[in-house]
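Undergrad: Protein chains in written order, with our numbering: chain A, 8 to 132; chain B, 2 to 748.
(1) Does any C-beta atom of chain A lie closer than 7 angstroms to the C-beta of residue 718 of chain B?
(2) State yes or no: is the beta carbon of residue 93 of chain A nearer than 7 angstroms to at least one beta carbon in chain B?
(3) Residue 379 of chain B and residue 452 of chain B: beta carbons closer than 7 angstroms?
(4) Starting from residue 520 of chain B, follow the beta strand (DSSP E) in both directions and report where the run begins and ends.
(5) For the stretch 52–67 of chain A and the stretch 117–124 of chain A, state whether three or more C-beta atom pairs, one from each stretch, are separated by less than 8 angstroms.
(6) Quick one: which residues of the stretch 685–719 of chain B get their C-beta closer than 7 angstroms to a C-beta of chain A? List them in chain order.
(7) Identify each residue in the stretch 103–116 of chain A for which the Cβ-Cβ distance to at least one residue of chain B is less than 9 angstroms, and report them in chain order.
(8) Taking C-alpha atoms, which residue in B:390, B:429 and B:365 lies nearest to residue 401 of chain B?
(9) List, in order along the chain, the chain B residues whose C-beta lies closer than 9 angstroms to that of residue 72 of chain A?
(10) Could you spell out where the alpha helix (DSSP H) holding residue 507 of chain B opens and where it closes?
(11) Against chain A, with Cβ distances strictly below 7 angstroms, would residue 736 of chain B count as a contact?
(12) Going along chain A, which residues have a C-beta under 7 angstroms from residue 740 of chain B?
(13) So, helix, strand or coil for residue 730 of chain B, using DSSP?
(14) With a threshold of 8 angstroms, are at least 3 pairs of Cβ atoms found where one atom belongs to the stretch 675–685 of chain B and the other to the stretch 636–651 of chain B?
(15) I need the straight-line Cα distance from residue 198 of chain B to residue 491 of chain B, nearest angstrom please.
(16) Quick check: what's the CA-CA separation for residue 125 of chain A versus residue 693 of chain B?
(17) Going by alpha carbons, who is nearest to residue 587 of chain B out of B:618, B:470 and B:381?
(18) Under 7 angstroms, Cβ to Cβ, is there at least one residue of chain B near residue 53 of chain A?
(19) Taking only three categories from DSSP, how would you classify residue 126 of chain A?
(20) Quick check: the stretch 150–166 of chain B against the stretch 499–517 of chain B, are there 3 or more CB pairs under 8 angstroms?
(21) Would the stretch 727–739 of chain B count as touching the stretch 61–79 of chain A if we require 3 or more Cβ pairs under 8 angstroms?
(22) If you follow the alpha helix (DSSP H) that residue 559 of chain B is in, where does it begin and where does it stop?
(23) Reducing DSSP to helix, strand and coil, say where residue 71 of chain A ends up.
(24) Quick test of your reading: residue 5 of chain A and residue 50 of chain A, contact by CB under 8 angstroms. State the CB separation rounded to the nearest angstrom.
(25) Can you give the beta carbon distance from residue 574 of chain B to residue 141 of chain B, rounded, assuming they're within the 8 angstroms contact cut?
(26) Quick one: does residue 83 of chain B have its CB under 7 angstroms from some CB of chain A?
(27) Taking Cβ to Cβ, would you say residue 374 of chain B is nearer than 7 angstroms to residue 382 of chain B?
(28) If you measure between the beta carbons of residue 84 of chain A and residue 66 of chain A, is that distance less than 7 angstroms?
(29) Within 10 angstroms of its Cβ, does residue 424 of chain B collect 16 or more other Cβ (buried), or is it exposed?
(30) Three or more C-beta pairs closer than 8 angstroms, one from the stretch 468–481 of chain B and one from the stretch 532–547 of chain B: is that the case here?
(31) Is the beta carbon of residue 625 of chain B closer than 7 angstroms to that of residue 615 of chain B?
(32) Among residues of its own chain, excluding the 5 on either side of residue 223 of chain B, which ones have a beta-carbon nearer than 6 angstroms to its beta-carbon?
(33) In its own chain, which residues sit with a C-beta less than 6 angstroms from the C-beta of residue 708 of chain B, not counting the 5 before and 5 after it?
(34) Report yes or no: is there a C-beta of chain B within less than 7 angstroms of the C-beta of residue 80 of chain A?
(35) Can you pull the chain B residues whose beta carbon is under 9 angstroms from the beta carbon of residue 49 of chain A, in chain order?
(36) What number of angstroms, rounded off, separates the C-alpha of residue 711 of chain B from the C-alpha of residue 630 of chain B?
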């Protein structure tokens, strides 16, 4: 009886592990929230995008202002030539990244109340 | 000699220079000669250091040269313009220069303060200087009378008859002629009756002399009577003595006949015989004269009667204890003696009276001579002294002791030498000579066109020899020219008292045209220096006032006014100050109204006017300063906006206008330009408007996005930059709050 349970647990593990790995891989790729950030729309009506999540590949231009233990605002310029202009995003200190102008990053953005672009994750590209 | 009082308080007191100090000046004017003598109020300034004494008050000792004065003045001007020193701006030096220039009396003749004149150590009382000055002015104004020469000829004739070198000098005839000439001289106006006084004095003396002669006759008569009385008394004594002796001898003889032993004691007689000097031969010696008794006998023959014994010396007579019978009674003898005593008393009285009369005449005459000398009527003093010399004997030439004090005061240092009539005469002659030389100098200076010197010499000669022909005979044309000069100098001095330097300069030029020896350049320079001092002091006052130091400004203004009261700039400044006071009150109203309505541009546009008006208002002054500074920034932004418009950068222009609008809302100039620029920068304006409205709504993230977009259009936009700064600050604060709230919730 116990051997049966042990065999069943082993089989179940064998089946669940690949599923978990697959799920994490998909999540990491942002497949579900990887929609490109529409800069033109955002500029017209930022507050209309509240609650959305986007991915923005952009170049770090300059730092506007920051506050220790809170985060900082930086301006980024999209790498996509179709999108012109700059946007300001907030990078929380919790991400623990070093941002240097001219570096390229993929930012995962959450549009908060009032249109604040909150960087949830970022990866250097 | 001039004894000038220190200067007032404060020409200027004008406190042009420390040395220019209305030292002060409250001071009496010391003055110089005919152009001085008036009292001073004190300037220094002094003063005037009041330069009232500008002409004739400053001590001559304190008179450096002009260059020194100018240097000091310039130096002090600089100092006074920036500092509030107590130094008077009055210049003793300046005043001294002016004083000396207008003072014709450089000698030591006149002391107007004391109303005296000193001449060769002798002091004359001139009485009130004002009266004396008026006499001099009258002298200059009048024409010499034609009979002056005749009068002087008469006086000269009197001199000649009284001269000691005249062979007949002192003769009765000469004296009489001289005396008669005095009556002729007295008829002239120039004599003023003085010759008559002398003549009367001489006549009086002569009368006294005649009285003396009458007394001398009376005395002689009395002496003769006394001699007769003396002889009578002597006769009485001799007779008495002889009869007594005879009686004694008879008695002795009789006694000897009757009783020879009793001869000796009873026949003794008092030694009166020896004392009386009587002799048995009938000769009597009286007072050194010898007369025979026969004459006495005949003279006394009528006396008869019962004569008694006794005489004035007590040495006559007989021993009354002895029974003696005399042909002259005792009563007769006493009466003769008494008459003799009375006569002696009369003679003594006559002698005393004579002595007193002579002394009185001498003293009276001497007093008259001295009086003439003190009145500066030297010719008459000489004439009187001439009469005196011949009337009184040589031993009576010393002046009476009662005049010693008067003369000792009059002639300092002369107390050790006995004063004589001759001394007064010599001094008078010296004065005549002095006046003669002075008038010669007047004419010489006149010939050289040196009228200042001529006027000075004439002043001296006039004060000494006012009544002398040399002075009174000065020609009419010379008098007129000197009088014109005198009047101008007097006017200049009065202008100097008033510190009317413009008038002084003008008159100074006129005086310079009249004479060659007037230091017009010095006076002009000094007057200009004073004017400059006043101007600089006024400039200092204005500067101090502009800096808000009103006390100092007032002090300097007072100094400027003290130096030159008629300075036209001071009047103009005074009017300005008055207007300023009006501006001050008006400025407060204007400023308050504009500030209340935030019409800062109105304040800005009237800033100069309001700056003066609000200079003393500390509270409004701060607000005013703030408004001006803010409006200055607005104007700068406007200028940049206009520049951007000209460069076809409407976005930049709009930004500048936005900055200006933030500094001063509703400024019409800013609004006007914004209206012009807005159509040309519509997108930018719209974006900026969105950003601003989002910020106002609290949509900071949206506002941040708009500001960034705005910055993209105008990277230098201060609106965008400031907006980004503001909204990011607020966003960070909100995020910090969220984080803190989250952490708190987890706990």
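Positions of the beta carbon are idealized from the N, C-alpha and C atoms, including for glycine.
TA: Walking through what the data contain:
(1) no
(2) yes
(3) no
(4) It is not in any beta strand (DSSP E) - residue 520 of chain B carries neither H nor E in the DSSP assignment.
(5) yes
(6) 700, 701, 702, 703, 705, 706, 709, 710 and 713
(7) Taking 9 angstroms as the Cβ-Cβ cut-off against chain B, none of the residues of the stretch 103–116 of chain A qualify.
(8) Here the closest residue by C-alpha is B:365.
(9) Those within 9 angstroms of residue 72 of chain A in chain B are 725, 726, 729, 730, 732 and 733.
(10) It spans 502–515 - the alpha helix (DSSP H) in which residue 507 of chain B sits, taken as one unbroken run.
(11) Yes, residue 736 of chain B lies at the interface with chain A (some Cβ there is under 7 angstroms from its Cβ).
(12) 77
(13) Helix.
(14) The stretch 675–685 of chain B is in contact with the stretch 636–651 of chain B.
(15) 38 angstroms
(16) 22 angstroms
(17) B:618
(18) yes
(19) strand
(20) No, the stretch 150–166 of chain B does not touch the stretch 499–517 of chain B.
(21) yes
(22) 551–564
(23) Looking at residue 71 of chain A - three-state DSSP - the assignment turns out to be strand.
(24) A question about residue 5 of chain A goes unanswered here, because the residues of chain A that appear run from 8 up to 132.
(25) The pair is not a contact, with the Cβ atoms about 43 angstroms apart (cut-off 8 angstroms).
(26) Note on residue 83 of chain B: pLDDT 39, under 50, position unreliable in the model; the coordinate value appears next. Output row for residue 83 of chain B: interface = no.
(27) Their beta carbons are under 7 angstroms apart, which means residue 374 of chain B touches residue 382 of chain B by this criterion.
(28) yes
(29) buried
(30) no
(31) yes
(32) Within the same chain, residue 223 of chain B has close Cβ partners 344, 347 and 348.
(33) 692, 721, 724 and 725
(34) yes
(35) Contacts between residue 49 of chain A and chain B, judged by CB atoms closer than 9 angstroms, involve 706 in chain order.
(36) 29 angstroms
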